[in-house]
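Remarks on the structure that follows.
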């Protein structure tokens with residue numbers, strides 16, 4: 001069943017025809033919004049944390065139209081996958097951003113979303129989250145690559161994990177080996193918007209605080225670039241050790257994941 005919202009905008013004083021413009025928000029398919037999402041990804045040019053929600057069927061898509069012309073889209077997912085209560089992407093073509101507010105208000109009305117979630121490095125979308133939501137908090141730090149590091153560990157080998165080695169759930173495809181023992185694992189997740197990839201790692205508890213994590217991330221970055229991807233990463237805002245490790249490996253803070261409740 002299609003869900004449609006309707007809103008009229010008076011255009012007095014604008015450098016276009018003095019008429020009444022019709023704003024419409026309609027539930028649609030992922031295929032319909034894909035061209036506009038490509039423009040969004042090109043404009044923002046950062047890793048999108050929830051990029052995979054679209055292809056995995058975890059989100060609903062809405063097209064935003066003015067006078068029957070599509071000018072953008074909105075995407076709604078759930079805090080729990082089965083729900084659809086959180087607007088997490090909102091994009092309007094730059095030429096139509098003077099109509100951002102009525103378009104967004106109509107999206108809220110039609111979708112009945114109660115949460116707004118964004119990356120703080122998305123300036124257009126995050127400005128709306130601050131305007132239309134309250135009780136905003138951040139739980140995740142987003143990182144992007146900043147510089148090349150030159151950490152050296154002569155007694156440690158970075159290599160792919162072999163097929164005959166025991167597979168630990170959550171372990172990555174690469175390992176650090178020291179004196180015949182695997183002391184750390186890490187990997188490169190490729191389900192993010194091209195060209196970005198997400199790096200992750202885990203160091204054995206008794207081997208931490210001696211630079212292994214930063215060295216592993218350094219080598220994963222190198223491997224990531226060789227695969228034609230741009231490395232990125234994230235960690236909990238409360239995980240000070242992971243943040244320090246990422247910074248030491250040449251990453252920098254790129255933003256935060258923000259979540260707020262829609263104002264009544």
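Residue numbers (full-length UniProt numbering): 1 to 264.
Quick reminder that beta carbons are idealized off the backbone N, C-alpha and C, glycines included.
> What is the rounded straight-line gap between the Cα of residue 37 and the Cα of residue 63?
Replying inline: Taking the first residue of the chain shown as position 1, residue 37 is located at position 37. Taking the first residue of the chain shown as position 1, residue 63 is located at position 63. If I take the Cα positions, the gap works out to 11 Å.
> Buried or exposed: residue 66, going by 16 or more other Cβ atoms within 10 Å of its Cβ?
Replying inline: Here residue 66 refers to the residue found at position 66 when the chain shown is read from its first residue. Per the 10 Å Cβ criterion, buried.
>> Given this structure, state the Cα-to-Cα distance separating residue 88 from residue 122, to the nearest angstrom.
In response: Taking the first residue of the chain shown as position 1, residue 88 is located at position 88. Taking the first residue of the chain shown as position 1, residue 122 is located at position 122. Computed Cα separation, rounded: 11 Å.
> From which residue to which residue does the alpha helix (DSSP H) around residue 213 run?
Replying inline: Within the chain shown, the letter at position 213 stands for residue 213. Run containing residue 213: 212–226, per the alpha helix (DSSP H) assignment.
> Helix, strand or coil: which one does DSSP assign to residue 261?
Replying inline: As a working mapping, residue 261 is identified with position 261 in the chain shown. Strand, per DSSP.
> From residue 78 to residue 217, what does the alpha carbon distance come to, in whole angstroms?
Replying inline: By one-based count along the chain shown, residue 78 stands at place 78. By one-based count along the chain shown, residue 217 stands at place 217. Computed Cα separation, rounded: 31 Å.
> Can you give the Cα-Cα distance for residue 221 and residue 205, rounded to whole angstroms?
Replying inline: Walking along the chain shown from the start, residue 221 turns up at place 221. Walking along the chain shown from the start, residue 205 turns up at place 205. Each residue's alpha carbon lies about 23 Å from the other.
>> Applying the 10 Å Cβ sphere with the 16-neighbour rule, what's the burial state of residue 194?
In response: The residue you call residue 194 lines up with position 194 of the chain shown. By the neighbour-count rule (16 or more Cβ atoms within 10 Å), residue 194 is not buried but exposed.
> Going by beta carbon distance, what residues of the same chain come within less than 7 Å of residue 1, once the five residues before and after it are set aside?
Replying inline: As a position in the chain shown, residue 1 is number 1, starting the count at 1. With a pLDDT of 45 at residue 1, under the threshold of 50, the predicted position of this residue should be treated as unreliable, though the coordinate-derived value follows. Excluding positions up to five away in sequence, the list is empty.
> Straight-line CA distance for residue 68 to residue 28?
Replying inline: Numbered from its first residue, the chain shown carries residue 68 at position 68. Numbered from its first residue, the chain shown carries residue 28 at position 28. Going by the C-alpha atoms only, they are around 14 Å apart.
>> Within a Cβ cutoff of 7 Å, which residues of the same chain sit near residue 151, ignoring the five residues on either side of it in sequence?
In response: To locate residue 151, count along the chain shown from 1; it is residue 151. So the qualifying residues of the chain are 211, 214, 215 and 218.
> If residue 93 sits next to residue 119, beta carbons under 8 Å apart, how far is it from one beta carbon to the other, in whole angstroms?
Replying inline: Taking the first residue of the chain shown as position 1, residue 93 is located at position 93. Taking the first residue of the chain shown as position 1, residue 119 is located at position 119. Not a contact, Cβ separation roughly 20 Å.
> At which residue ranges does the region 155–192 contain complete beta strand (DSSP E) runs of 3 or more residues, listed in the order of the chain?
Replying inline: 156–160, 174–178 and 181–189
> Is the Cβ-Cβ distance between residue 140 and residue 236 less than 8 Å?
Replying inline: Residue 140 sits at position 140 when you count from the first residue of the chain shown. Residue 236 sits at position 236 when you count from the first residue of the chain shown. Taking 8 Å as the Cβ cut-off, residue 140 and residue 236 qualify as a contacting pair.
>> I'd like the list of long-range same chain contacts for residue 90, defined as Cβ closer than 6 Å, with 5 residues on each side in sequence excluded.
In response: Numbered from its first residue, the chain shown carries residue 90 at position 90. Once the five neighbours on either side are set aside, the close Cβ partners of residue 90 are 74 and 125.
> How long is the line joining the alpha carbons of residue 239 and residue 180, rounded to whole angstroms?
Replying inline: Residue numbering aside, residue 239 sits at position 239 when the chain shown is read from its first letter. Residue numbering aside, residue 180 sits at position 180 when the chain shown is read from its first letter. Whole-angstrom Cα-Cα distance: 30 Å.
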